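Sequential numbering from 800 applies to the sequence shown in our numbering. Reviewing the structure listed below.
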Amino acid sequence: MHIPFCRQKCFYCDFPSFAGKENRMEAYVEALCQQVKIQGLSYQQKWGIPATIYIGGGTPTALPQKLMKKILAAVTEVFGTEIGEFTVECNPGTVDENYFKILRAGGVNRLSFGVQSFQDALLKKIGRIHSGAEACEAVKLAQQAGFVNISVDLMYGLPGQSLTDLQASVAQADALGIQHISIYGLQVEEGTAFARMEEMGKLNLPTEDEAEAMYDYMTNRLPQLGYQRYEVSNFAKAGFESRHNRSYWHDVPYLGLGAAAHSYLEGKRYAAVTDIEAYTAGIKAGQEIWELEEEPSLEHAMEEFAFLALRTAEGISRKAFRDKFQQELDEVYGTVMADLKGQGLLLVDQAGCRLTEKGFKYGNLAFAEFILS
800 MHIPFCRQKC
810 FYCDFPSFAG
820 KENRMEAYVE
830 ALCQQVKIQG
840 LSYQQKWGIP
850 ATIYIGGGTP
860 TALPQKLMKK
870 ILAAVTEVFG
880 TEIGEFTVEC
890 NPGTVDENYF
900 KILRAGGVNR
910 LSFGVQSFQD
920 ALLKKIGRIH
930 SGAEACEAVK
940 LAQQAGFVNI
950 SVDLMYGLPG
960 QSLTDLQASV
970 AQADALGIQH
980 ISIYGLQVEE
990 GTAFARMEEM
1000 GKLNLPTEDE
1010 AEAMYDYMTN
1020 RLPQLGYQRY
1030 EVSNFAKAGF
1040 ESRHNRSYWH
1050 DVPYLGLGAA
1060 AHSYLEGKRY
1070 AAVTDIEAYT
1080 AGIKAGQEIW
1090 ELEEEPSLEH
1100 AMEEFAFLAL
1110 RTAEGISRKA
1120 FRDKFQQELD
1130 EVYGTVMADL
1140 KGQGLLLVDQ
1150 AGCRLTEKGF
1160 KYGNLAFAEF
1170 ILS
């Protein structure tokens, strides 16, 4: 479920989210609740109660509390209160004690905090609206409200960031006693503030060697702290792996609600209109707001299956591949797997194949070999 509003657009963000549109929030939430009740009910009748719900953005907690209550009430009306994993993304600069109480009362049982760094100077450089102290306080308030499944996002390769900065952020996250850490290397995406700064020569990024040292530190240190890697960018304490994340990588159908949301149903992918006003008007008028993305060929479906599965620690299951495509994994990718195994990027056994630690680090090289066309 997508909430496309932010207090301020982060300088690295290329997601379809918008600042300064508070006057659109109420109409958007009305449309979203209507979609939950209509298409959510249709989904439930066909696939049953979803195992997970994820409200992301944008910044869901940029919504006024009364509007968040409306969304949670609509979800409860359609799906009940027994969702196994119900996550809401939070910006530490937009939450307080009462907001967490509302989320808990509404059935939310997992929070994902976009922290990125605990250093105030770095947070300012990337356009975050919170401080390191506010991030710590937000996590503690969430814990006091009863949340025991909390994730924190951290980034590396930020402008002006040093390895020492990153080490301090990892130590702080661990000291907070959270259960899940997602790590992301900065990518300068077209159309972002950082892209414009880079064009003007004003983006002071770490060198490739410095960024690599940060990656190596995180991937080595987090397991030492008890966070095991279960996906390319995600580490968790035992039993706290994100069930929602895992569903994306394991070919599970899902329904996306809201502007710019994506769905994967019956082997087909759909994308909703990105424009907030067009989405709101379309839902109100009972019009179709989804577009069917290009229907994949068999080869493309195999490639996508491989790419997604390889992101996980389990990798590609021979049985799952056979069940989906009625072909053996070795018939399609035997030569590729042997080659990548020889390069130390892939482990191959009777269960299937999966990336090594070296393979995770140089994942793009491995993924490229699984392209069939």
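For glycine and all other residues, C-beta sits at the position ideal for the given N, C-alpha and C. Treat the numbers as computed from the prediction; the structure is a model and nothing was measured.
Excluding its 5 nearest sequence neighbours in each direction, Ser-930 has C-beta neighbours in its own chain below 6 Å: Asp-919, listed in chain order. Counting C-beta atoms within 10 angstroms of its own C-beta, Met-1013 has 16 or more neighbours from the protein chains shown and is therefore classed as buried. Out of Cys-812, Tyr-1053 and Phe-899, the CA that lies nearest to the CA of Gln-843 is found in Tyr-1053. From the listed residues Ala-873, Ala-1010, Lys-1160 and Asp-1050, the smallest Cα separation to Ser-1116 is found for Asp-1050.
Separation of Gln-807 and Thr-858 (C-alpha to C-alpha, rounded to the nearest whole angstrom) is 10 Å. For Asn-1033, the beta-bridge partners assigned by DSSP are Ser-981 and Glu-1030.
In this structure Leu-1004 touches Pro-958 by the C-beta definition: roughly 6 Å separates them, less than 8 Å.
Of all C-beta pairs linking the stretch 833 to 841 to the stretch 1093 to 1105, fewer than three are shorter than 8 Å, placing the two stretches out of contact. By the Cβ-count criterion, Arg-1153 is buried, with 16 or more other Cβ atoms from all chains shown falling within 10 Å of its own Cβ.
In the structure shown, Asp-952 adopts extended strand secondary structure according to DSSP, grouped into three states.
DSSP places Ser-1062 in the strand class (E or B) of the three-state scheme.
At a cut-off of 4 residues, the continuous stretches assigned as alpha helix (DSSP H) that sit fully inside the stretch 1121 to 1165 are 1128 to 1141 and 1156 to 1160. Taking Gly-855 as the centre and dropping the five residues before and after it, the same chain places the C-beta of Glu-888 closer than 6 Å to its C-beta, in chain order.
Assignment of Lys-820 by DSSP, reduced to helix, strand and coil, places it in the coil class. Looking at the DSSP output, Glu-884 bridges to Thr-851. Taking all protein chains shown into account, Arg-1028 has 16 or more neighbouring C-beta atoms within 10 Å of its C-beta and is therefore buried.
Membership of Tyr-1078 in the alpha helix (DSSP H) is indicated by the continuous run 1075 to 1084. Excluding its 5 nearest sequence neighbours in each direction, Pro-891 has C-beta neighbours in its own chain below 7 Å: Phe-912, Val-914, His-929, Glu-933, Ala-934 and Ala-937, listed in chain order.
DSSP places Phe-899 in the helix class (H, G or I) of the three-state scheme. A contact is defined here as three or more CB-CB pairs under 8 Å, and the stretch 857 to 871 fails this definition with respect to the stretch 1099 to 1117. DSSP places Tyr-1069 in the uninterrupted beta strand (DSSP E) bounded by 1067 to 1071. Proximity of the stretch 1070 to 1083 to the stretch 990 to 1000 falls short of the contact definition, fewer than three beta-carbon pairs being nearer than 8 Å. Pairwise C-beta distances place the stretch 1062 to 1073 out of contact with the stretch 1133 to 1143, as fewer than three of them are shorter than 8 Å. By the criterion of a C-beta distance shorter than 8 Å, Val-877 is surrounded in its chain by Val-835, Lys-836, Gly-839, Leu-840 and Gln-843, once the five residues flanking it on both sides are discounted.
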